[in-house]
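Worksheet: the structure to be examined is printed underneath.
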Amino acid sequence: MERREFLKIGAAGLAVAGAGLAASPARAATHTLELGIVDTQVELIDGTLVTMLAFTKSRIGQPSVPGPVFRVKEGDAVTITIHNTRQEEHRFEIPGIDGAMSDAIPPGGSKTVSFTAPIAGTYMYQDGLMGPLYRVLGLHGVLVVEPLDGRTAAGSQTPFSLDRIGNPQAVQSVSAIFDALGTTERFPGSKWVPCASGEPYSIQERIWVLNQVDPRFNALVVPGQPIRKDAALTADPSETWTPRYFTINNRSGFDLAEGDDVIISNYIGEPTLIRVVNAGLAYHSNHIHGNHLMEMAETSLRPGSGFGKPMLRANIFERDVWSMQPGQRKDMLLPVEIPPDIPLAQRAALLSGTGQEKLPMRYVMHCHCEMSNTAGGGNYPQGMVTHWDLMGGVGGRRTASL
Ligand SMILES: [Cu+2]
């Protein structure tokens, strides 16, 4: 055999081995998860107590709204058993994932769903019953599917499965952005680093679950009793929904001034992915100051076979304001670059942490949806308002921790 021929076979052999590796069931993990469905008392920003429906992380775990974050890898085998401890029927589903829908779960009963983790993206699990009243009353949470590899051709890590996206322009656009991070004048600093496995969020990745509370609907939920029927309210909840509290991760107003599940505190060059999910029934229009974000992916809400599936953008918009329809999920990348409102002459000083800027520089995030501004009267007392902190220049975290 001539050497050239050997190389040809070698390359072909490698390609087959690579393909086999990517699809190999041996690499797929198995996740056996449990969720409970309970009711729980939640104190809102003005002291009002409401009863919400909530998932628990195991059959008898602590209730939380949103439910626990699950992270799996593409191709993993996932089995979720849901235990209904309430007095009415529920149902579990994950829009966009084939096979991830349970039969009705009777009061006191349990059901199991099994599926193979689909293409990487941000998914929302929910109870879809009562169209979708039970979802907004608290039965929702996030499932993150991470890519098996996710690297660009140049080796930059991304949250997407670039090898499975059937849109070359989208792959090119996403690759260009993730390759530019940490290597260009506009984006000095570091690459994007994915969240460590098993953690709900990280320094460079946040999950914001948007929702609203209309206490008239919460009053239908009484511990120990089936949910009260009220035709005037529940015949079509989306027609009668009048939200009074606008929440991220179940907090509103001043309660959103703290909490590192929501608030990003990073130095320049620590790009951060925000997975934004609207579990509610109202539109939101989120506006972040200081940086524009790259809208990398959104969910298809068109009826049909693509419904609920993530779509990468071929033409990536830079947005300071982005809209969130009910049920929408978007992956937004905050580049944590030098804010364009910093005068040119002062940028070098900011980068080195010796500028005149008082640190941290705090930039607001507020929702432009008017009812979110004014619910409760005045300036966001019950609205969706938070901020992010720019802590300093490139490498500041390393210096700070010395
Ligand atoms: Cu604004």
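Each residue of the sequence shown is one higher than the one before, counting from 8 in the numbering used here. The beta carbon of each residue, even a glycine, is placed where N, CA and C say it ideally should be.
Identify which residue in the options has its Cα closest to the Cα of residue i.
i, options, result
"G410", "H90, G138 and V72", "Residue numbering for the chain in the displayed model covers 8 to 409; residue 410 lies beyond these limits and cannot be assessed."
"I87", "Q133, A127 and I184", "Q133"
"F99", "I126, E153 and M131", "M131"
"L341", "W329, V149 and L136", "W329"
"P154", "N322, R78, D327 and H294", "R78"
"K198", "I44, A187 and P233", "A187"
"R326", "R309, M398, D262 and M301", "M301"
"G276", "G189, T406 and R34", "G189"
"P333", "N285, E206 and G315", "N285"
"G103", "L358, P75 and V149", "V149"
"I295", "R369, A203, D267 and S168", "R369"
"A289", "M378, N257 and P317", "M378"
"D110", "A226, P125, F185 and L136", "L136"
"G82", "L60, T37, S117 and G43", "T37"
Report yes if the C-beta of residue i is less than 7 Å from at least one heavy atom of ligand 1; otherwise report no.
i, result
"H375", "yes"
"H38", "no"
"H294", "yes"
I'd like the list of long-range same chain contacts for residue i, defined as Cβ closer than 6 Å, with 5 residues on each side in sequence excluded.
i, result
"T247", "L240"
"A107", "I101, V120 and F122"
"P350", "none"
"E41", "S65, R66 and T88"
"I323", "S180 and M301"
"A29", "Because A29 carries a pLDDT of 45, less than 50, the predicted location of this residue cannot be relied on, and the following value inherits that uncertainty. Excluding residues within five positions, none has a Cβ falling inside 6 Å."
Identify, in the order they occur along the chain, each residue of the same chain with its Cβ nearer than 7 Å to the Cβ of residue i, setting aside the five sequence neighbours on each side.
i, result
"N386", "none"
"D338", "T129, P166, L280, R282, M303 and A304"
"A177", "L319, R320 and A321"
"H413", "No answer is possible for residue 413: the residues shown for the chain start at 8 and end at 409."
"S209", "C202 and A203"
"P222", "T55, V57 and R251"
"R171", "I126"
"G68", "G43"
If I follow the unbroken beta strand (DSSP E) through residue i, where does it start and stop?
i, result
"E50", "T37 to E50"
"P317", "P317 to L319"
"E153", "H147 to E153"
"A124", "Element bounds for A124: n/a, residue is neither H nor E."
"L300", "L300 to T306"
"N225", "Here N225 belongs to no beta strand (DSSP E); instead the alpha helix (DSSP H) covers P222 to N225."
"Y370", "M368 to C374"
"V328", "V328 to M331"
"Y141", "First-last for Y141: L140 to V143, but that is the alpha helix (DSSP H), not the beta strand (DSSP E)."
"L357", "Taken as a continuous stretch (DSSP letters only), L357 belongs to no beta strand (DSSP E), being part of the alpha helix (DSSP H) at L351 to S359."
Looking only at its own chain, which residues have a Cβ that is under 8 Å from the Cβ of residue i, when we skip the five neighbours before and after it?
i, result
"M398", "S272, N273, Y274, L366, P367, R404 and A407"
"Q232", "Q94"
"Q389", "L51, I52, D53, R251, Y252, F253, S259, G260, A382 and G383"
"Q363", "Q353 and A356"
"P113", "N91 and E96"
"L56", "Q48, V49 and E50"
"V343", "G196, I271, N273, Y274, I275, G276, E277, P278, T279, N298 and L397"
"F194", "A187, L188, G276, P278, P342 and E344"
"G483", "Residue 483 lies beyond the stretch modelled for the chain, which goes from 8 to 409, so this question has no answer here."
"H394", "A264, I270, R369, Y370, V371 and M372"
Going by DSSP, what residue range makes up the alpha helix (DSSP H) through residue i?
i, result
"G403", "G403 to A407"
"M378", "E377 to T381"
"I410", "No answer is possible for residue 410: it lies beyond the span of the chain, which begins at 8 and ends at 409."
"A238", "A238 to T241"
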